[in-house]
Amino acid sequence: MLCDKSANRRIMSKPNRQEQPQTDPGRICILRSDDSDAVEQRANKLAASLNLKIAPFKSTGRTIGQDGVYLEVAAQGLTLLYREGRNKTRVAVDFHSGKAEHRRKYGGGKGQLIAKAIGVGANPPRVLDATAGLARDAFVLASLGCRVIAAERSALLCVLLYDALKSASEAAQRATREAAGRIQVVQADARSLLRDSELYHKIDVIYIDPMYPDSTKSTALVRKEMRICRMVVGNDKDAAQLLNLAMSVHNKRVVVKRMHDAPPLGESPASSLTGKSTRFDIYLT
Ligand SMILES: C[S@@+](CC[C@H](N)C(=O)[O-])C[C@H]1O[C@@H](n2cnc3c(N)ncnc32)[C@H](O)[C@@H]1O
């Protein structure tokens with residue numbers, strides 16, 4: 006697994022001031038799922054590195070004070086938890102159980118729209134996923150053999166990604182371990198990476214999937230998850246700038262994921278692949 010900081014440093018140029026990786030808003034709190042020493046130590050470490058407060062823990066159980074987003078620390082791993090009144094929704098990055106595993110096995114392989122858009126064939130391309138998010142797309146591509154540099158500017162999402170990759174690298178299924186080993190998470194603004202010409206010979210395709218407005222076409226759960234992510238990372242209002250920068254990198258294919266009926270992010274793409282709820286716009290630079 007290539008998510009160690011030294012590997013990351015090699016491909017990172019110095020970000021300019023506006024493009025420093027984001028640290029997430031102070032209103033997000035850390036929540037311990039139990040009062041074991043291991044969980045407490047991890048929570049303290051994360052609180053220090055992410056500059057977040059820790060919600061008080063009482064022996065009667067965890068206390069969640071206000072509505073909002075929490076980073077829940079448990080012995081099994083990290084989760085984003087959103088509390089709204091009595092309702093709690095959890096968002097986890099999980100590559101080796103549930104949906105990811107199902108999609109890896111039965112998702113349609115190289116016939117999936119994303120695989121066709123990226124151009125996954127006998128010799129899978131190397132991809133810069135410039136908007137890693139929960140790395141679900143990155144993991145699909147890695148499962149199909151692509152090497153993926155997954156750039157994410159939210160420090161909070163990055164800790165979830167590192168955690169999930171570590172866990173996937175120890176999974177029972179060999180295919181999951183191998184896919185995890187093809188993903189390198191980099192905490193950075195992808196625009197800084199794209200200014201570093203050293204990166205160019207390491208990638209063939211640049212993939213961009215910015216946040217988009219709530220879609221009634223997605224399932225309720227996906228909508229909820231994306232809403233929570235939006236609370237953490239915001240609206241990606243600079244996505245067009247990211248595309249422009251990607252387009253200035255020669256000899257690369259740039260693929261942008263959009264809602265199926267949304268206008269293109271920039272100029273008209275060379276071609277598009279449209280599914281039920283999403284569309285992939287393909288640019289050849
Ligand atoms: C819609 S989510 C991506 C979802 C992702 N494709 C997945 O499968 O989980 C968009 C993510 O891109 C990140 N992002 C947006 N612009 C970025 C940039 N310039 N550099 C790095 N990350 C960026 C946001 O922080 C957010 O987490």
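Mapping of the sequence shown onto our numbering: residues 6 to 290, in sequence order.
Built from N, CA and C at the ideal position, the CB exists for glycine as well.
Keep in mind that this is a model prediction, so the values were computed, not measured.
Next on the checklist: Just to confirm my understanding: we take Val-78, look at its own chain, exclude 5 residues before and 5 after, and list those with CB closer than 8 Å. What are they?
Outcome noted: Mapped onto the sequence shown, residue 78 falls at position 73. Counting only residues of its own chain and dropping the five nearest sequence neighbours on each side, Val-78 has a CB closer than 8 Å to the CB of Ile-35, Leu-36, Arg-37, Ser-38, Val-44, Arg-47, Ala-48 and Leu-51.
Item to check | Span separating the alpha-carbon of Ala-269 from that of Leu-248 | outcome: Looking up residue 269 in the sequence shown gives position 264. Looking up residue 248 in the sequence shown gives position 243. In the sequence on display, residue 269 carries Pro and not Ala. Between Pro-269 and Leu-248, the C-alpha separation is close to 11 Å.
Checklist entry - Comparing alpha-carbon positions, which option in Leu-118, Gly-82, Leu-76 and Lys-242 lies nearest Lys-299? => result This structure does not reach residue 299, given that the chain is present from 6 up to 290, and the question cannot be answered.
Checklist entry - Out of curiosity, what's the CA-to-CA distance linking Leu-161 and Leu-55? => result Locating residue 161 in the sequence shown gives position 156, where the first residue counts as 1. Locating residue 55 in the sequence shown gives position 50, where the first residue counts as 1. Answer to the nearest angstrom: the Cα atoms are 7 Å apart.
Item to check | Exposed unless 16 or more other CB atoms sit within 10 angstroms - verdict on Gly-113 | outcome: Here residue 113 corresponds to residue number 108 of the sequence shown, with the count starting at 1. Exposed, because fewer than 16 other Cβ atoms sit within 10 Å of the Cβ of Gly-113.
Item to check | Local Cβ density within 10 Å of Gly-271, reported as buried at 16 or more and exposed below that | outcome: Here the question's residue 271 lines up with position 266 in the sequence shown. When all chains shown are included, Gly-271 counts as buried.
Checklist entry - Can you tell me the Cα-Cα spacing of Leu-278 and Asp-266, whole angstroms? => result Stepping through the sequence shown from its first residue, residue 278 is reached at position 273. Stepping through the sequence shown from its first residue, residue 266 is reached at position 261. When rounded, the distance between both Cα atoms is 12 Å.
Checklist entry - Any idea what DSSP makes of Ser-253, helix, strand or coil? => result For this step, residue 253 is matched to residue 248 along the sequence shown. Note: Ser-253 maps to coil in three-state DSSP.
Checklist entry - Could you give the distance in angstroms between the alpha-carbon of Gly-31 and the alpha-carbon of Leu-83? => result In the sequence shown, residue 31 corresponds to position 26, counting from 1. In the sequence shown, residue 83 corresponds to position 78, counting from 1. For Gly-31, the predicted model reports a pLDDT of 47, less than 50, meaning its position is unreliable; a value from the coordinates is still stated below. So the alpha carbons of these two residues sit roughly 18 Å apart.
Checklist entry - Is it true that the CB of Leu-139 sits closer than 9 Å to the CB of Glu-203? => result The residue labelled residue 203 in the question sits at position 198 within the sequence shown. The residue labelled residue 139 in the question sits at position 134 within the sequence shown. Contact: no.
Item to check | Coil, strand or helix - Gln-81 by DSSP | outcome: On the sequence shown, residue 81 is found 76 positions in, with the first residue counted as 1. Coil.
Next on the checklist: Distance check for Gly-239 and Tyr-87, CA to CA, integer angstroms please.
Outcome noted: Taking the first residue of the sequence shown as position 1, residue 87 is located at position 82. Taking the first residue of the sequence shown as position 1, residue 239 is located at position 234. Answer to the nearest angstrom: the Cα atoms are 15 Å apart.
Checklist entry - Are Arg-258 and Tyr-288 close, meaning C-beta to C-beta below 9 Å? => result Along the sequence shown, one-based indexing puts residue 258 at 253. Along the sequence shown, one-based indexing puts residue 288 at 283. Cβ atoms of Arg-258 and Tyr-288: closer than 9 Å.
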